[in-house]
Amino acid sequence: MSKAQITVTFPDGVSRSYPKGTTVGEVLKDWGNIPPEDILAARVDGRLVDLSSVLSGNSKVEPLTFRDLEGREIYWHSSAHILAQAVQQLFPEAKLGIGPAIREGFYYDFDVPEPFSEEDLGRIEERMREIIRQNLSFQREEVPRPEAIRIMSERDERYKVELLEEDIEEETVSLYRQGEFVDLCRGPHVPSTGYIKAVKLLSVAGAYWRGDERRPMLQRIYGISFPSEEELEAFLRRREEIERRDHRRLGKQLDLFSIQEDGGPGLIYWHPKGARIRTIIEDFWRREHYRRGYELVYTPHIAKVELWERSGHMAWFRESMFPPMEVEEQRYLLKPMNCPFHILMYKSKTRSYRDLPIRWAELGTVYRYERSGVLQGMLRVRGFTQDDAHIFCRPDQLEDEILGVLDLAEFMLTTFGYTEYEIELSVRDPEEKEKYIGDDAVWEQAEAALIRALEQKGWSYARREGEAKFYGPAIDIKMLDALGRGWQGPTIQVDFNEPERFDVTYIGEDGEEHRVVMIHRTVLGSMERFIGGLIEHYAGAFPTWLAPVQVVVIPIADAQVPYARKVAERLLDEDFRVEVDDRNERVGYKIREAEVQKVPYMLVVGKREVADGTVSVRRRGEGDVGRMSPEEFCERLRAEVERKVL
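Sequential numbering of the sequence shown, starting at 387, is according to my numbering.
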């Protein structure tokens, strides 16, 4: 008796019939549009599955390869399992933490008696290659949760048992085996270990279990894998370039900033050169905001707890806030955001429809509690300055105001050298509306306004469900740097909820009170993250208009020092940033030092230059560009700075 038939529909729209019980891998092999060895897993009716998964009904089947985001994640997650197997073969006492795929590659956390050494990483990597050569199948097993707890308890995997007992609610869970190794995992995975062609372990670091510094410190091994050695080599070359541009390394080399552990983690100390860059950016930011109809304000760093309760932050943002401090029997909190302060100022008097829109901007320093394990130089900190603004407007003004913010954001980013973006529309998770304040109507109205503005700009965007802040949807713009990496920058959020909570109104033409609409926005993000990103974008070689030192005057001998200082004074009078290197060192050394410090221009002066009243000009990365008078050089420099040449 023949088996019942099911219909399978492929991505090209073709449908074919197969016996019920046929595996996903078998139907994709029969489809034949992609080489079977390239197919890692599949999406069946929107659900990610192993190729060994059995089809029991009519289905839409889509193959996943390494070119797909989900395919790469599956590939890297499978590689993490191979890493864990290799570690437990070499270090039987190792206990398993978690081992996810990440944006580029994977990691796995282990509880081991001693930290892993570089030599250990080499041994583990070689053992991974042995496991890959064995071509072990990834086998999925679904078992009752109590059975999974028993299996993990027998293997003394205490961290897996904790996850099963405290975090996993499903009554049936999945395990994956390859050879003697077994792990708790939702999957899916590639069919076998032999699918992993090229692997490299990159580093090891400490990581607290579940990111909690009160829990055990585990050893986290990071790795990467690819379908070919050529792709791995290209990745490693790119990684070297990323390390060369690392803002933490360059920040120290160029003496821009530091983080002082004696003062506390996640807090940035701006050194004079870093502070100069920040001042240049902030001054430019202020001028542009005044030009576009904003007024600048300043607000306190702390406020009473009751304010944050009323705004909703205590209920929805508490985990990211520092604990309260008590003064005169009153509790205060460091501000995590500026918006409630701007609302209080708005409410300090009655506003008319004629007053709107009101645009208030603030370079406001805020404080958020980030776990020490996620802090990263200037990119993830506990105290940072937002280029924050809040626009209070009427509903009929909303779309124009959003467009105005998008235009400003585009202008600012382009000026700083970012010309490519990734745009996301961050909205509620429709399945978890309880995580957000406000009713459906205001969320839909806010979302529609953002979409209309994006469409009017002609910008494509990706919709991200579950990424909205608790009080409103947002447009998030990621700027792509010189290496194509995305950096979080401008954010535009529409908020009908905070005006409701604080009763923020205006008097309309009809003489009645009406509710304002608020737009929360940044166009750079935080100054710390933005400048950290700029350091990496330019590899520390800032455009002349941004460079903390634009010119170094280098006298060849002591006899030329007075003339060098006279040239420097001439430049200083024109508001250029200049230094004189009058150290008792050879000229070649001084030039190399200026190149290392990435100074845009070097003016070398010797006997001939003193006699002729000229300077010998060297351009960073170009070398000698000729001799000219100080006045001619000033004109050249002024034109470059005023045009903000990149």
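Beta carbons are placed, not taken as given, at the ideal position from N, Cα and C, and that holds for glycine.
Could you have a look at H900 and say whether DSSP puts it in helix, strand or coil? strand
Enclosing beta strand (DSSP E) for V767 [first to last residue]: Bounds of any beta strand (DSSP E) do not take in V767, whose DSSP letter is neither H nor E.
Quick one: what's got a C-beta closer than 7 angstroms to S912's C-beta in the same chain, skipping five residues either side? Around S912: F770, T771 and Q772.
Is it buried or exposed, K976, if we count other Cβ atoms within 10 angstroms and call 16 or more buried? Around the C-beta of K976, 16 or more other C-beta atoms lie within 10 Å, and the residue is accordingly described as buried.
What are the residues that DSSP puts in a beta bridge with H776? Secondary-structure assignment with DSSP links H776 through a beta bridge to W746 and H906.
Straight-line gap, V413 to P530 (C-alpha atoms, nearest Å): 30 angstroms
Between the Cα of I688 and those of F703, F727, P658 and S706, spot the shortest distance and give me the residue it belongs to. F727
Mind checking whether V440 and F524 have CB atoms under 8 angstroms apart? no
Close beta carbons around R963, own chain, < 8 angstroms, minus the five adjacent residues each side: Here the set comprises R662, A933, P934, V935, Q936 and V937.
Are the stretch 507-516 and the stretch 530-550 touching by the rule of at least three beta carbon pairs closer than 8 angstroms? Taking a contact to require three or more Cβ pairs closer than 8 angstroms, the stretch 507-516 and the stretch 530-550 do not qualify as touching.
Residues bridged to Y493 (per DSSP): Y608
Contacting residues, own chain, Cβ-Cβ under 6 angstroms from E528 (five flanking each side not counted): Non-local beta-carbon contacts of E528 in its own chain, meaning distances under 6 angstroms to residues more than five positions away in sequence, involve T558 and S560 in chain order.
Counting Cβ pairs closer than 8 angstroms, one from the stretch 887-894 and one from the stretch 596-607, do we hit at least three? no
Mapping DSSP to helix, strand and coil, what is D454? coil
Would you kindly report the start and end of the unbroken beta strand (DSSP E) that includes L588? A584 to Y594
Whole-angstrom Cβ separation of E599 and R757, contact assumed at under 8 angstroms? 7 angstroms
Burial state of E695, where buried means 16 or more other Cβ atoms lie within 10 Å: exposed
Endpoints, alpha helix (DSSP H) assigned at P405: Counting along the chain, P405 falls outside any alpha helix (DSSP H), though it belongs to the beta strand (DSSP E) covering S401 to P405.
Does the separation of the CB atoms of V902 and P885 fall below 8 angstroms? yes
Which residues does DSSP pair with G580 in a beta bridge? Its beta-bridge partners do not exist; DSSP assigns none.
Apply the 10 Å Cβ neighbour rule to P849 and answer buried if 16 or more other Cβ atoms are within range, or exposed otherwise. A small correction: the amino acid at residue 849 is Arg; Pro does not occupy that position in the sequence shown. R849 comes out exposed.
Can you give the beta carbon distance from E617 to A584, rounded, assuming they're within the 8 angstroms contact cut? 7 angstroms
Please work out which residues of its chain come closer than 6 angstroms, Cβ to Cβ, to E459, disregarding the five sequence neighbours upstream and downstream, and give them in chain order. A487
Put K721 into one of helix, strand or coil per three-state DSSP. coil
Given a cut-off of 8 angstroms on the beta-carbon distance, is the pair L742 and Q716 in contact? no
Euclidean distance between Cα positions of E533 and G803: When rounded, the distance between both Cα atoms is 57 angstroms.
Take D632 as the anchor and find which of Y924, Q471 and P686 has the nearest alpha-carbon. Y924
Can you tell me whether DSSP reads I488 as helix, strand or coil? Assignment of I488 by DSSP, reduced to helix, strand and coil, places it in the strand class.
Can you tell me whether K984 is buried or exposed? The criterion is at least 16 other CB atoms within 10 Å of its CB, across all chains shown. buried
Pairwise C-alpha distance: R972 and E979: 11 angstroms
Thinking C-beta only, is Y545 closer than 8 angstroms to G483? yes
Take L623 as the anchor and find which of L869, L749, T395 and P816 has the nearest alpha-carbon. It is worth fixing the name first, because residue 623 is Arg in this sequence and not Leu. Minimum Cα distance to R623 is reached at L869.
Do you know how far the Cα of Q762 is from the Cα of P449? About 37 angstroms.
Taking the straight line between their C-alpha atoms, what separation do you get for W845 and S1002? 47 angstroms
Could you name the residues that DSSP lists as bridge partners for T930? None, per the DSSP bridge assignment.
Would you kindly report the start and end of the unbroken alpha helix (DSSP H) that includes Y562? Careful: Y562 lies outside any alpha helix (DSSP H), inside the beta strand (DSSP E) at T558 to Q564.
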